[in-house]
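Numbering (the working numbering), first residue to last: 358 to 912.
Quick reminder that beta carbons are idealized off the backbone N, C-alpha and C, glycines included.
Note sheet for the following structure.
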Amino acid sequence: MKSRYARRYRQSGSDRLEKQPTDPAMAGRNIHVLRGQDTIARLCLLRNSCALAFRVVLELIGRHPLAVLPLPSLWFFVRYLPFWKSSDVLCQLGTPFTAENILLVPPVYCVVGRIPFWLTDTLLHGVSPDVFAAQHPSLAAVYALIALQQAGLWFALRYFVVTLPASPTGRGVATILLTSIASLYSFAYTAGAEATTAITWFTVFGAGLRILDGRATWKTWSVYVLVLVLCIGSRHVSALLPSWLPVTALLLMLLDYFRRKGASDPSRLGKIAGIAVVLGIGVIGIENAIVAALCSRFGVMQRQMVGRTLCERVGSYLDHLSPVEKEKVRLRVSRADDDPSLKLAIDSLIRVGTYYEGTNDVIARAIGNTNMRGDRLEAEVDRTTLRAALRFYETLDPRLLTAIFKDVVRGFYPTNDQAIALTGPKATYYSVSDIAKEPESWAGIRALDFFKPEVARATLQRALDDKYIRHWRFLPIAAWCVLFAAIGLWRLARGKLTPELALTAVCIFGIGLVVYIATCICNITQPRYVLPLWVATVAAGCVLIAGKGISGSQD
């Protein structure tokens, strides 16, 4: 028995030896194949290890976004002095309260933004101007305002990220994306009401996602209301933002109704829409009450001053018309029963230019002959200007509509993140020439270091060369929209994104687009006016690339 097993073993061994290749070249090739397979295995192991490490890092960032979100702010604090949004902010934060910073500009930021000036200079110097008086803040006081704006941005972005119905990894991806958007941090580093756009919009979207997902408490609704007050009280066009939540809730209710063929209970989403409408109206009422109180305190006649802005849009298409075409427009706009001041205003808009190009003086001289003076005269000029500007809109002139449409397109192309982010450095640099023209108006502020010509010039050049500000310059907003839409459709097709959350993302983008279109209807576009559209695009993109789903109409 033992010898039989031994013979079998020797025979199998001899068979193995016979099967070994006798050709040296073939043996060498086999060795190379084995080594190649070993290399591939090592590379696969390395790839898997790197992927695992990257996933762990993303999860950590998603769980603790505040560990990453402040990093761009530190970059700005190290490299730049604060930015100042030209003469607009001089009106908002520098001058005493008049019609310009109560009616022309919403007053909430004009009041809230001065509080850091007052607190800082009182603590450092023992005295500072009253919040409602002309301001002459120190550099430290301006830094205090900027620090508060940056901190507000961090917590707004964190609130939005942790609210996303996503995994920790998905939230980490959203955090990295938000951190890479330089314009969000650049505007928060700029003194001016537009610094509140990203802060308020991301917070509203975060609160809205909580509410739609059925995770809202009274604290969530309180945050929603308070942030809307700041938002609407900082920019007039933001009065459209309260419509986002009720419209989204109603569309989700319709989607759920048709998907379930009428079998679902729409009461929860309907209740959300109703509450949001009531609160939105209440917020607008609060803002109007603040305006009325300030007008009463400072003796300002309450009226609409948007005519000054509408004149800019009207002038943008009148400037390209020939004298003959302008006369035809005048005949279309004018009516036989127009009062003399309105006729004069229409004629002045065509022949002289916009409100700020001299039409205001033309109207004031004509109305001044009726013994009107002071704020009463200015109020009548504003009313006449608004009536005249609206006449041009009522014609629905194709050339005016074309000018509006072209500006809307410019918001998508060629506008990009860099163009928006450079608003602050450019405005600070342009303020130097404004100071030279009207030094008395800037008396309390022009001594700040960032208004020194050489400093402002160096700041702008540094910003133009800044790699953090420049890194997304090759992607216009249109490209971002296509990219986010493609990712969203791919995830939707694979079942990784629910239709409810996809619709919510579309509504987020939609409110940004509506606000931007409204801006283009009223004024000539600039990169800074694209900010609401850009914020909404990024927020919608975060939902599409990281979100999983919301609860719809289920309790």
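Using the three-state DSSP reduction, which class does residue i fall into: helix, strand or coil?
| i | result |
| --- | --- |
| P422 | helix |
| P439 | coil |
| T861 | helix |
| T752 | coil |
| T547 | strand |
| K905 | coil |
| W810 | According to the sequence shown, residue 810 is Pro rather than Trp. The answer is helix: DSSP assigns P810 an H, G or I state. |
| P464 | helix |
| P494 | coil |
| P429 | helix |
| P680 | helix |
| P833 | strand |
| N645 | helix |
| N880 | coil |
Spatial neighbours of residue i within its chain, please: CB distance less than 6 Å, with the 5 preceding and 5 following residues excluded, ordered by chain position.
| i | result |
| --- | --- |
| A633 | L602, P603 |
| A456 | V657 |
| G509 | I556 |
| S444 | D791 |
| G563 | Y516, F517, T520 |
Straight-line CA distance for residue i to residue j?
| i | j | result |
| --- | --- | --- |
| Y770 | G639 | 37 Å |
| A693 | E751 | 16 Å |
| A606 | R616 | 15 Å |
| R592 | L854 | 34 Å |
| A843 | L612 | 21 Å |
| R660 | L890 | 29 Å |
| I902 | R404 | 23 Å |
| A646 | V468 | 14 Å |
| R625 | E857 | 15 Å |
| G627 | V709 | 52 Å |
| F841 | T861 | 14 Å |
| L849 | L415 | 22 Å |
| L743 | D695 | 14 Å |
| A746 | E797 | 32 Å |
| R740 | R748 | 13 Å |
| D822 | L888 | 21 Å |
| G637 | Y581 | 10 Å |
| P623 | M610 | 6 Å |
| Y674 | A736 | 26 Å |
| T666 | Y542 | 27 Å |
| R399 | P833 | 40 Å |
| R851 | A859 | 13 Å |
| K763 | V413 | 45 Å |
| W441 | I878 | 26 Å |
| L569 | V484 | 48 Å |
| I777 | R885 | 6 Å |
| A531 | L481 | 40 Å |
| T816 | F544 | 15 Å |
| W575 | R567 | 11 Å |
| G549 | I397 | 56 Å |
If you measure between the beta carbons of residue i and residue j, is that distance less than 8 Å?
| i | j | result |
| --- | --- | --- |
| I720 | K683 | no |
| Q775 | W829 | yes |
| V488 | W475 | yes |
| G316 | Y546 | What is shown of the chain runs 358 to 912, which leaves residue 316 out entirely. |
| Y825 | W432 | yes |
| I459 | L608 | no |
| L535 | V561 | no |
| V425 | L597 | no |
| A539 | P429 | yes |
| I533 | I589 | no |
With a threshold of 8 Å on Cβ separation, who are the neighbours of residue i within its own chain once the five nearest residues in sequence on each side are excluded?
| i | result |
| --- | --- |
| A723 | P697, S698, L701 |
| V812 | L438, D806 |
| D732 | A456, G656, V657, M658 |
| L505 | P473 |
Ignore the nearest five residues each way along the sequence and tell me which others in residue i's own chain have a CB closer than 7 Å to its CB.
| i | result |
| --- | --- |
| R767 | T882 |
| D704 | R687 |
| L805 | L496, V499 |
| F866 | A893, T894, A897 |
| T711 | C668, E669, G672 |
| F808 | S788, V789, I792 |
| Y366 | Low confidence applies here, because Y366 scores a pLDDT of 43, under 50, leaving its location unreliable and the question unanswered by this model. |
| R689 | T752 |
| N773 | W829, R830, L832, P833, I834 |
Quick check: is the beta carbon of residue i nearer than 8 Å to any beta carbon in chain C?
| i | result |
| --- | --- |
| G590 | The chain inventory of the structure shown lacks chain C, comprising one protein chain alone. |
Across the stretch 516–524 and the stretch 395–412, are there enough close Cβ pairs to call them in contact, namely three or more that are closer than 8 Å?
The stretch 516–524 makes no contact with the stretch 395–412, as fewer than three CB pairs between them are under 8 Å.
Are the stretch 744–759 and the stretch 674–682 touching by the rule of at least three beta carbon pairs closer than 8 Å?
Yes, they touch.
Is the stretch 438–452 in contact with the stretch 798–814, if contact means three or more CB pairs nearer than 8 Å?
Look at the beta carbons and you see the stretch 438–452 touching the stretch 798–814: at least three pairs across the two are nearer than 8 Å.
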